[in-house]
Ligand SMILES: [Zn+2]
């Protein structure tokens, strides 16, 4: 694929993320690996629904812009994308968004690690939650680090979701599957029961993965039932006072930069 085609695809995926309500305002970011040391990433401070080609910038594996003339700066969240590319040579694209249902699970501290829907078992497996890291700092790559090798979708505590794959479409479809699954599990929780697939069915579904040559690495989901009323008490203390103050300071800074 030519670079202009890849940029066109990034613009299209950005539009879909925005249209589906997976991002608000300037949230989210998308990247594609062009070669071992060259990544295309969306710029900081732009709506993913209205991107143009110059809002997609080239960076190296340290996140440094490669084109001096570029008008736009790379997304400050590109650090977490780079962490994934560093650990996984099979990954060629990363999508980060804040889809409401998946993010709600990330906020509630409930990981999507149960085998509930066949497609999710095959394409996502068990989806862990990475601990909270202050957006745009080194904390985020640090917190996702333990999960990257065995997942292709990660929830980010009190933040959003991250999906990655063999190409951009593949990474984006994982985001759709993740949000769709979270929405359905959420609905089933309101109805009072979430039945999970048996271990035997799960095994068969995982076999399909190898039979269809699905690349990538995911962990098997759990077949124990979800305890609906025991959802998480631990989250009340998940953010320290210091972290809350850091978030406040970062938000104020962003607002100040924009005015
Ligand atoms: Zn985010």
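In my numbering, the protein residues as written are 24 to 282.
We put the CB at the ideal spot given by N, CA and C, even for glycine.
With a threshold of 7 Å, establish whether the CB of residue i neighbours any heavy atom of ligand 1.
i           : result
residue 161 : no
residue 202 : no
residue 188 : no
residue 51  : yes
residue 158 : yes
residue 100 : yes
residue 104 : no
residue 68  : no
residue 183 : yes
residue 121 : yes
Taking just the CA atoms, how far does residue j sit from residue i?
i           : j           : result
residue 209 : residue 124 : 7 Å
residue 118 : residue 54  : 7 Å
residue 113 : residue 237 : 12 Å
residue 173 : residue 242 : 6 Å
residue 24  : residue 52  : 21 Å
residue 76  : residue 104 : 20 Å
residue 215 : residue 115 : 40 Å
residue 139 : residue 153 : 21 Å
residue 63  : residue 239 : 21 Å
residue 212 : residue 82  : 43 Å
residue 33  : residue 273 : 27 Å
residue 198 : residue 71  : 15 Å
residue 127 : residue 58  : 35 Å
residue 218 : residue 100 : 36 Å
residue 29  : residue 165 : 29 Å
residue 85  : residue 170 : 21 Å
residue 183 : residue 110 : 21 Å
residue 121 : residue 41  : 10 Å
For residue i, which three-state DSSP category applies?
i           : result
residue 218 : coil
residue 101 : helix
residue 255 : At residue 255, the pLDDT of 42 sits below 50, so the modelled position is not reliable; the number obtained from the coordinates is stated separately. Looking at residue 255 - three-state DSSP - the assignment turns out to be coil, as it is neither helix nor strand.
residue 137 : strand
residue 181 : coil
residue 92  : coil
residue 157 : coil
residue 25  : coil
residue 187 : strand
residue 75  : coil
residue 234 : helix
residue 149 : coil
residue 166 : helix
residue 210 : helix
residue 115 : coil
residue 58  : strand
residue 67  : coil
At a threshold of 7 Å, does residue i count as lining ligand 3 (C-beta to nearest heavy atom)?
i           : result
residue 206 : Ligand 3 is absent from the structure shown, which contains only ligand 1.
task = Could you tell me whether the region 176-190 touches the region 228-235, using the rule of 3 or more Cβ pairs below 8 Å?
result = no
task = Kindly confirm or deny that the region 60-79 and the region 201-221 touch, where touching means at least three C-beta pairs closer than 8 Å.
result = no
query = Does the region 126-139 come close enough to the region 244-252 that 3 or more CB-CB pairs lie under 8 Å?
reply = yes
inquiry  = Is it the case that the region 154-172 contacts the region 85-94, given that we only count it when at least three CB pairs across the two stretches are under 8 Å?
reply    = no
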